[in-house]
Amino acid sequence: MLYEWIRGNKNDNEGSVRFPNKKSRYIMVIAICLGLLALIWPVTRTDNKDSGSKTIANNTVSKESKKINQDLAAELEYILSRIDGAGKVEVSITLASGGVKTYAANTRNEKREIEESQNGLKKTTSESNVARDLAVSAGAPLLVENKTPEVIGVLVVAEGAGSPLIQEKLIQATATLLNVSPHQVCVMPGQDM
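Going by this note's numbering, the residue at position 190 of the sequence shown is 554; the numbering climbs one at a time, nothing skipped.
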């Protein structure tokens with residue numbers, strides 16, 4: 365029937381079928397072919413798209429790292445400013461990374477054996493496949509472990525840090541709170557903050 369429609373034959377039992385003109389028939393056939401081609405064409409990713417998604421992921425990690433850093437610094441400023449004689453305190457923290465998040469994963473080992481026989485000869489081949497998927501709970505990946513970033517160094521600027529006794533108190537408090545060595549903490553006196 366499609367062939368008759370394309371050729372424009374009117375060999376129909378009812379005899380009243382009208383076919384469109386020749387030009388519109390060819391345009392219709394081309395549109396149908398393009399539609400089918402679009403459906404079966406394989407979708408591939410280029411390196412540019414992959415690098416773009418990696419950049420987005422890196423920006424997300426960077427934003428999380430900055431948020432952790434700001435929250436940690438704000439909490440430390442509040443606590444250190446409560447030390448007697450410290451006065452107003454500002455803190456800057458340097459982190460090694462954005463931390464490490466570990467997600468649960470499901471691992472499946474699939475083994476398949478294929479037996480083929482030709483002309484009385486049996487040929488057996490075996491295939492094994494390991495598939496690993498993220499475990500999901502309530503629509504989100506299941507987080508197993510969330511390690512906070514490692515603190516490399518801390519700078520504390522305090523109004524009362526001109527006194528060696530206050531400096532020592534600030535160093536000890538900072539080292540204790542962040543679980544770092546005292547040599548990773550630098551306390552400097554501030555001027556009219």
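Glycine included, C-beta positions come from ideal geometry on N, C-alpha and C.
Given the structure is predicted, the values throughout are model-derived calculations rather than measurements.
Let me check understanding here. Comparing Cα to Cα, which of the options lies closest to residue i?
{"i": "GLN555", "options": "ALA437, ILE535 and GLU523", "result": "GLU523"}
{"i": "VAL518", "options": "SER429, LYS386 and MET552", "result": "MET552"}
{"i": "VAL455", "options": "THR471, VAL521 and ASN510", "result": "VAL521"}
{"i": "ALA525", "options": "GLU509, ARG476, ASN385 and ALA450", "result": "ALA450"}
{"i": "ARG476", "options": "VAL494, GLY463 and GLU441", "result": "VAL494"}
{"i": "ILE443", "options": "GLU479, SER492, ASN470 and LEU541", "result": "LEU541"}
{"i": "GLY463", "options": "TRP405, LYS430, HIS547 and CYS550", "result": "LYS430"}
{"i": "SER527", "options": "ILE447, ASN473 and ASN385", "result": "ILE447"}
Can you tell me whether DSSP reads residue i as helix, strand or coil?
{"i": "GLN434", "result": "helix"}
{"i": "VAL453", "result": "strand"}
{"i": "GLN531", "result": "helix"}
{"i": "ALA522", "result": "strand"}
{"i": "LEU459", "result": "strand"}
{"i": "ILE447", "result": "coil"}
{"i": "THR466", "result": "strand"}
{"i": "PRO546", "result": "helix"}
{"i": "SER417", "result": "At SER417 the pLDDT is 42, less than 50, meaning the model places this residue with poor confidence and gives no usable figure here."}
{"i": "THR512", "result": "coil"}
{"i": "LEU507", "result": "strand"}
{"i": "GLN482", "result": "strand"}
{"i": "ALA495", "result": "strand"}
{"i": "GLY554", "result": "coil"}
How would you label residue i, buried or exposed, when you count the other beta carbons within 10 angstroms and need 16 or more for buried?
{"i": "GLN482", "result": "exposed"}
{"i": "SER545", "result": "exposed"}
{"i": "GLY399", "result": "exposed"}
{"i": "LEU529", "result": "exposed"}
{"i": "LEU507", "result": "exposed"}
{"i": "VAL549", "result": "buried"}
{"i": "LEU403", "result": "exposed"}
On the DSSP bridge list, what partners appear for residue i?
{"i": "ASN473", "result": "VAL494"}
Meets three-Cβ-pair contact criterion under 8 Å: the stretch 528–537 and the stretch 427–435
no
So, does the stretch 500–518 touch the stretch 483–491, judging by three or more C-beta pairs under 8 Å?
no
Are three or more beta carbon pairs between the stretch 443–462 and the stretch 493–505 nearer than 8 Å?
no
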